[in-house]
Amino acid sequence: MAIKKTTTTEKSTQKTTKPTEKKTTRTAKPKRKEVDLSQSVLVINMTQGSLTYVAKKGTGYLELSEYLDSDYLTVEELKIMKSSARGMFDKGWLFVDDEDVVEFLGIKKQMDAILLPDELDDLFELPADELRERLKSLSPSVKETVHLAMKKKYEDGELANAHVIRAIEESVNIDNNVSILNI
């Protein structure tokens with residue numbers, strides 16, 4: 001069936017257009033690697049505080065008391081966690097240290113957004129302008145982790161660059177009146 005389109009000019013005319021056939025080619029979706037659900041996987045706390053997870057179903061329980069604490073969970077427990085507490089991954093609180101499992105769970109994007117310790121340390125070495133640009137691309141929870149790490153480095157005397165400190169504080173909306181530089 002042809003679609004008719006009418007236009008009005010001084011003379012009334014009708015234009016017809018031919019229907020176009022859309023050719024679709026279906027490409028085979030790459031299959032995910034199969035992973036043994038009972039396999040234990042190392043998970044790491046990426047928050048600057050404690051992290052606790054209790055599964056609503058199953059036996060999953062995780063308690064990590066500080067930054068970079070680690071424990072093992074099964075792939076099945078991680079799968080349940082992804083369904084019931086997706087924020088653990090979306091907010092960058094938990095790092096899964098197995099590329100095949102990350103791919104199987106479909107959380108590669110979230111794992112790529114997490115700053116590992118060496119990447120976090122590299123941030124503090126950037127010039128303030130580059131740091132501001134880099135911080136814009138981070139999620140709010142990762143920015144908070146950067147801020148808490150910055151405070152710890154400042155208190156330990158490992159960070160003294162005021163421009164870097166201001167850039168980080170601005171990224172998490174810390175007012176200059178409560179800046180650690182004003183203490």
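Be aware that the sequence shown starts at 1, since it is given in full-length UniProt numbering, and climbs by one per residue. Even for Gly, the Cβ is constructed at its ideal location relative to N, Cα and C.
Could you tell me which residues DSSP pairs with T47 in its beta bridges?
What you label residue 47 is simply residue 47 of the sequence shown in a count that begins at 1. Bridge partners of T47: none, in fact.
Are there 16 or more other CB atoms within 10 angstroms of the CB of A160, so buried, or fewer, so exposed?
If you number the sequence shown from 1, residue 160 lands on position 160. Exposed, because fewer than 16 other Cβ atoms sit within 10 Å of the Cβ of A160.
How many angstroms separate the CA atom of Y72 from the CA atom of E155?
By 1-based counting over the sequence shown, the position of residue 72 is 72. By 1-based counting over the sequence shown, the position of residue 155 is 155. Approximately 32 Å, taken between the alpha carbons.
Measure the CB-CB distance between V102 and K109 and report whether it falls below 7 Å.
Residue 102 sits at position 102 when you count from the first residue of the sequence shown. Residue 109 sits at position 109 when you count from the first residue of the sequence shown. Cβ distance not < 7 Å, so V102 and K109 don't count as in contact.
When we look at the beta-carbon of E130 and count the other beta-carbons within 10 Å, is it buried (16 or more) or exposed?
On the sequence shown, position 130 is the one that residue 130 refers to. Per the 10 Å Cβ criterion, exposed.
In whole angstroms, what separates the C-alpha of K143 from that of I168?
Counting from one through the sequence shown, the residue named residue 143 turns up at place 143. Counting from one through the sequence shown, the residue named residue 168 turns up at place 168. Spanning the two alpha carbons is a distance of roughly 8 Å.
Taking the C-alpha atoms as reference points, what is the distance between V178 and K33?
For the purposes of this step, residue 178 is taken as the residue at position 178 of the sequence shown. For the purposes of this step, residue 33 is taken as the residue at position 33 of the sequence shown. Rounded to the nearest angstrom, the two C-alpha atoms are 50 Å apart.
Please confirm if the stretch 66 to 82 is in contact with the stretch 31 to 50, defined as three or more CB-CB distances below 8 Å between the two stretches.
yes
Could you tell me whether the Cβ of I107 comes closer than 7 Å to any Cβ of chain D?
Here chain D cannot be found, since the structure has a single protein chain.
Whether V35 touches D97 by CB criterion (7 Å)
Position 35 of the sequence shown, counting from 1, holds the residue named residue 35. Position 97 of the sequence shown, counting from 1, holds the residue named residue 97. No, the pair does not count as a contact, with Cβ atoms beyond the cut-off.
Do the CB positions of I80 and G60 come within less than 7 Å of each other?
Numbered from 1 along the sequence shown, position 80 holds the residue referred to as residue 80. Numbered from 1 along the sequence shown, position 60 holds the residue referred to as residue 60. Yes; because the gap between Cβ atoms is below 7 Å, this pair is in contact.
Give the range of the beta strand (DSSP E) segment to which S70 is assigned.
Working through the sequence shown from its first residue, we reach residue 70 at position 70. It spans 70 to 74 - the beta strand (DSSP E) in which S70 sits, taken as one unbroken run.
My assumption, with CB atoms under 8 Å, is that A162 sits in contact with L148. Please give the rounded CB distance.
In the sequence shown, counting from the first residue as 1, residue 162 sits at position 162. In the sequence shown, counting from the first residue as 1, residue 148 sits at position 148. The pair is not a contact, with the Cβ atoms about 18 Å apart (cut-off 8 Å).
Contact defined as beta carbons within less than 8 Å: I believe L94 pairs with L51. What is the distance between those atoms, to the nearest angstrom?
Counting from one through the sequence shown, the residue named residue 94 turns up at place 94. Counting from one through the sequence shown, the residue named residue 51 turns up at place 51. With a Cβ gap of about 7 Å, L94 and L51 count as contacting.
With DSSP as the reference, label V101 as helix, strand or coil.
Translated into the one-based positions of the sequence shown, residue 101 becomes position 101. V101 falls in the helix class under three-state DSSP.
Would you report the Cα separation of R166 and N176, rounded to the nearest angstrom?
Within the sequence shown, residue 166 is the residue found at index 166, counting from 1. Within the sequence shown, residue 176 is the residue found at index 176, counting from 1. Distance between the alpha carbons of R166 and N176 is about 8 Å.
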